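What follows is the structure in structure tokens.
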């Protein structure tokens, strides 16, 4: 059985006194994820919807994330669920984590608006931002009456059917997030809905998303921003991602071939996402190593990246959710493919020093 990722869970206080649960895993460059819908710091490590996200980022960064107010391990009875409070919560977590110097931010879905607003408010504290499935305006702020009708209906469905044993109401919601999900993934997401947040809070949070509008702030975000968006996203249309990238002074746009709002591990778009993110974050292998590394599988590439960070086999196993035996087998295979005999030779090749 593979070992679960090791993380440390702590608590911070936001400006209004709300208790926020946050976790840190991995080593290296700090990357802080702004909170988003339907997460739970503990359950996410086992979820087929979120575990590969956490494992990937923890394998390459000091990955800090937190449950949003009203959800997960964070205070469930928070009264104020406004956008301003979301920014203050991100401020509180970064301060509590004691991170020095500018940090990189990750914003998924509505977390993108939080991360971008934080960067506009604190430009000296942010180095770069990764945005996935994000938007600048919520459905009420967009003036889209047809879309507004749809979301009002979804809010009503959540309020009525979220707590029922029969998952049919939650499944209507789930299938918008992962329409290409397997039955297991859909069942997990249905269950995660109830484990994460109560019905009333879920409806309030979805309604609060409607009023988000950071359009006037985007010109103030001068750090590099990578905007990634799936082409068939039903929750946040592709046009929202393109518009966001176009309005930012220093953004690059990456379109991903998927229908899912939350990328799932088996789909090719997930590999595309990882490659694009590592490139943007400066972790792409040097060109001279490219030919030698091209034959590695995605898993072997992940393990090599951690070997090049001087991680031990137990540390790699924990970061990727694998057994130590599996890590050893992958390491042996990648050494054979690269034509090296030791970790030292692999690291040399990874950093462009190999002459093979």
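In the numbering used here, the protein residues as written are 2 to 357.
C-beta: ideal position from N, C-alpha, C; glycine also.
Owing to the predicted nature of the structure, the values given are computational and were not obtained by experimental measurement.
Under the three-state reduction of DSSP, residue 109 is assigned to strand.
Residue 334 and residue 296 have their C-alpha atoms roughly 11 angstroms apart. For residue 152, the uninterrupted alpha helix (DSSP H) run begins and ends at 146-162, by DSSP.
DSSP, read as helix, strand or coil, puts residue 54 in helix. Apart from sequence neighbours up to five positions away, the residues of its chain that approach residue 73 with a beta-carbon distance below 7 angstroms are 22, 40, 41, 42, 197, ordered along the chain.
Runs of beta strand (DSSP E) with 3 or more residues, each lying fully within the stretch 33-106, are found at 63-67, listed in chain order. Taking 8 angstroms as the cut-off, the beta carbon of residue 108 is found no closer than this to the beta carbon of residue 63. The straight-line gap separating the alpha-carbon atoms of residue 247 and residue 254 is approximately 9 angstroms. Between residue 130 and the set 114, 143, 139, 145, the nearest pair of CA atoms involves 114.
Here DSSP, grouped into helix, strand and coil, assigns residue 197 to helix. Rounded to whole angstroms, the separation of the alpha carbons of residue 206 and residue 169 is 21 angstroms.
Within the stretch 181-251, the complete alpha helix (DSSP H) runs of at least 4 residues fall at 184-197, 200-210, 239-248. By the criterion of at least three beta-carbon pairs nearer than 8 angstroms, the stretch 270-283 is in contact with the stretch 220-235. A direct Cα-Cα distance of roughly 22 angstroms separates residue 128 from residue 306.
For residue 281, DSSP records no beta bridge to any residue.
Residue 244 and residue 215 have their alpha carbons spaced roughly 12 angstroms apart. In this structure, residue 193 sits near residue 50, with a CB-CB distance shorter than 8 angstroms. The C-alpha of residue 57 lies about 35 angstroms from the C-alpha of residue 157.
Comparing alpha carbon positions, the residue from 176, 249, 9, 124 closest to residue 217 is 249.
Rounded to whole angstroms, the Cβ separation of residue 314 and residue 325 is 5 angstroms, and the two are in contact under 8 angstroms. For residue 164, the closest C-alpha among the options 87, 151, 265, 203 is that of 203. If the five residues before and after residue 234 are omitted, its C-beta is found closer than 7 angstroms to the C-beta atoms of 134, 262, all from its own chain and listed in chain order. If you draw a 10 Å sphere on the C-beta of residue 183, you find fewer than 16 other C-beta atoms in it, and that means exposed. Non-local C-beta neighbours of residue 299 in its own chain, meaning closer than 7 angstroms and more than five positions away in sequence, comprise 272, ordered along the chain. Sequence-distant Cβ neighbours of residue 9 in its own chain, meaning closer than 8 angstroms and more than five residues away, are 24, 25, 26.
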